Amino acid sequence: MGDFDRYARLTARLDAPYAVIDLAAFRRNADDLVRRAAGTPIRIASKSVRCRALITAALERPGFHGVMSYALPEALWLARNGVDDILLGYPTTHRTALRELSEDPDAASRITLMIDSPEHLGYVKAAATGTARIQICLDVDASLRIFGQHLGVRRSPLRTPSDVAALARKVAADDAFELTGVMFYEAQIAGLPDTSPAVRWVKRRSAAELADRRGAVVDAVKQVAPLRIVNSGGTGSLEISSADPVVTEVTAGSGLYGPTLFDKYDVFQPEHAMTYALDVVRRPAPRIATLFGGGYVASGPAKKSRLPLPAAPSGLKLLGTEGAGEVQTPVQGQSADRLRIGDRVWMRYAKAGEMLERFDVLHAVDGEDVSELVTYRGEGKNFG
Ligand SMILES: Cc1ncc(COP(=O)(O)O)c(C=O)c1O
Numbered sequence: 001m002g003d004f005d006r007y008a009r010l011t012a013r014l015d016a017p018y019a020v021i022d023l024a025a026f027r028r029n030a031d032d033l034v035r036r037a038a039g040t041p042i043r044i045a046s047k048s049v050r051c052r053a054l055i056t057a058a059l060e061r062p063g064f065h066g067v068m069s070y071a072l073p074e075a076l077w078l079a080r081n082g083v084d085d086i087l088l089g090y091p092t093t094h095r096t097a098l099r100e101l102s103e104d105p106d107a108a109s110r111i112t113l114m115i116d117s118p119e120h121l122g123y124v125k126a127a128a129t130g131t132a133r134i135q136i137c138l139d140v141d142a143s144l145r146i147f148g149q150h151l152g153v154r155r156s157p158l159r160t161p162s163d164v165a166a167l168a169r170k171v172a173a174d175d176a177f178e179l180t181g182v183m184f185y186e187a188q189i190a191g192l193p194d195t196s197p198a199v200r201w202v203k204r205r206s207a208a209e210l211a212d213r214r215g216a217v218v219d220a221v222k223q224v225a226p227l228r229i230v231n232s233g234g235t236g237s238l239e240i241s242s243a244d245p246v247v248t249e250v251t252a253g254s255g256l257y258g259p260t261l262f263d264k265y266d267v268f269q270p271e272h273a274m275t276y277a278l279d280v281v282r283r284p285a286p287r288i289a290t291l292f293g294g295g296y297v298a299s300g301p302a303k304k305s306r307l308p309l310p311a312a313p314s315g316l317k318l319l320g321t322e323g324a325g326e327v328q329t330p331v332q333g334q335s336a337d338r339l340r341i342g343d344r345v346w347m348r349y350a351k352a353g354e355m356l357e358r359f360d361v362l363h364a365v366d367g368e369d370v371s372e373l374v375t376y377r378g379e380g381k382n383f384g
């Protein structure tokens, strides 16, 4: 049990469900991300953190710079609370926030929007009512096309140097905009655990293809405008993405918390810094204990990998027939026989920040100290 015993002792007075962050593990995870980025600054993926105190704590550490935000209302909120250099990781259609951005020169100087088509540019222009100059980054498709297959996520239609340069020229030709960056998110490298030789092969192949294409795209766009940002990567690809000299920054968030989807990578293993506690409320049969709550299933393809994992006591697993339940979660295993009503079972979530949409506060354990950190949800913020 180790750390779980300590968490249980330090948080015994709390009523479950509640979430715990181990701050020492969080700091060690931050250090490991910095080591892996090998001198390339890390932009923090806020969707994978969703707690302002922890975003700030990471930003204060050497090696981190800027935030990758997932929603423009979030970016405005962070900017107004003093966060500088915020890159939207995704396009936005939020008209109210676009209006506010265009009317707020200070926020506009801190925030860069992400687009991948002239239609996005037209949309932003139509929504903007103010005169603040809007910074723009171009999202470039970083997937691998091989054997007629698309390996990676469905994001941007921009792929070739000439596609990207054509859109760059449109941005640069309009005084309402300033072209500041390009981004390449190689999800098929960063987001895939190394579970088979085929996956490792795809990753190597994709890294080689992208290194060539990324360089050519950046050269083409630099003919149009100087670039402050060439962003790439995620927690799962830091060493590969930062190895390309054209990349000015890498992104990471999940590696700070170490959720289960990051348990099976060959070259790194984040510590399990985040966990949540559930109470045993019933003992329906030998070797089965039923917990209150717990059905926190992560986004993505609806597969087993998205289910939470009982972490302590060891040897427990979810039941295939019930999974993680809406109000009750049965767990099975020999150690269930030692569990009594009111005992605690510790769970790990599959993804990182998404889990915090369930909790208003994080109970932050640091050695023998415990404090409370408010999550986005606890601040009344929900950005979708
Ligand atoms: C654009 C972009 N960059 C980087 C990341 C990596 O985030 P993390 O480090 O939390 O895996 C993501 C995650 O989906 C992303 O969408």
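If you count by the UniProt record's numbering, then the sequence shown holds residues 1 to 384, one letter each, in order. Ideal Cβ positions, reconstructed from N, Cα and C, are used throughout, including at glycine. Here the structure is a predicted model, which is why all the values come from computation and not from measurement.
Please check if any C-beta of chain D sits within less than 8 Å of the C-beta of residue i.
i      : result
Ala187 : Structure shown: chain D not included; a single protein chain is present.
Tell me which residue opens and which closes the alpha helix (DSSP H) that residue i is part of.
i      : result
Ile341 : Careful: Ile341 lies outside any alpha helix (DSSP H) and carries neither H nor E.
Gly130 : Element bounds for Gly130: n/a, residue is neither H nor E.
Glu372 : Segment 369 to 374 is the beta strand (DSSP E) holding Glu372; no alpha helix (DSSP H) there.
Gly181 : From DSSP, Gly181 is part of no alpha helix (DSSP H) but of the beta strand (DSSP E) over 177 to 184.
Val221 : 197 to 222
Which term fits residue i, buried or exposed, when burial requires 16 or more other beta carbons within 10 angstroms of its beta carbon?
i      : result
Asn29  : buried
Met1   : In this prediction, Met1 has a pLDDT of 49, which is less than 50 and means its spatial position is unreliable; nothing more can be read from the coordinates.
Gln334 : exposed
Ser242 : buried
Val164 : buried
Ile136 : buried
Ser48  : buried
Phe4   : buried
Gly258 : buried
Ser371 : exposed
Going along the chain, which residues of its own chain have a beta-carbon closer than 7 Å to the beta-carbon of residue i, five neighbours each way excluded?
i      : result
Gly300 : Arg306
Ala207 : Ile189, Ile240
Ala58  : Ala30, Ile44, Phe64, Leu256
Ser314 : Ser335
Pro308 : Gly294, Tyr296, Ala324, Met347, Arg348, Tyr349, Ala350
Sorted by chain position, which residues of the same chain lie with C-beta nearer than 8 Å to residue i's C-beta, five sequence neighbours on each side aside?
i      : result
Thr251 : Ile42, Arg43, Ile44, Ala45, Met68, Gly89, Tyr185, Asn231, Ser232, Gly233, Gly234
Arg99  : Ala127, Ala128, Thr129, Gly130
Gly152 : Asp141, Ala142, Ser143, Leu144, Glu186, Ala187, Gln188, Ser206
Pro157 : Asp116, Ser117, Asp141, Asp163
Pro62  : Val34
Ser102 : Ala108, Ala127, Ala128, Thr129, Gly130, Thr131, Ala132, Ile134
Please list the terminal residues of the continuous beta strand (DSSP E) segment that includes residue i.
i           : result
Arg145      : 144 to 146
Ala166      : Unbroken run through Ala166 is the alpha helix (DSSP H), 161 to 172; no beta strand (DSSP E).
Ala19       : 18 to 22
Ser69       : 64 to 69
Glu249      : 249 to 252
Asp263      : Element bounds for Asp263: n/a, residue is neither H nor E.
Ala312      : 309 to 312
residue 414 : A question about residue 414 goes unanswered here, because the residues of the chain that appear run from 1 up to 384.
Thr112      : 111 to 115
Spell out the partners DSSP gives residue i in its beta bridges.
i      : result
Thr275 : Val20
Ser232 : Phe184, Val250
Phe292 : Gln328
For residue i, I'd like the list of residues in its chain whose CB is within less than 6 Å of its CB, leaving aside the five on either flank, ordered along the chain.
i      : result
Asp266 : Asp194
Query - Residues whose Cβ lies closer than 5 Å to any heavy atom of ligand 1, in chain order - result: Ala45, Ser48, Gly89, Tyr185, Gly234, Thr235, Thr251, Ala252, Gly253, Ser254
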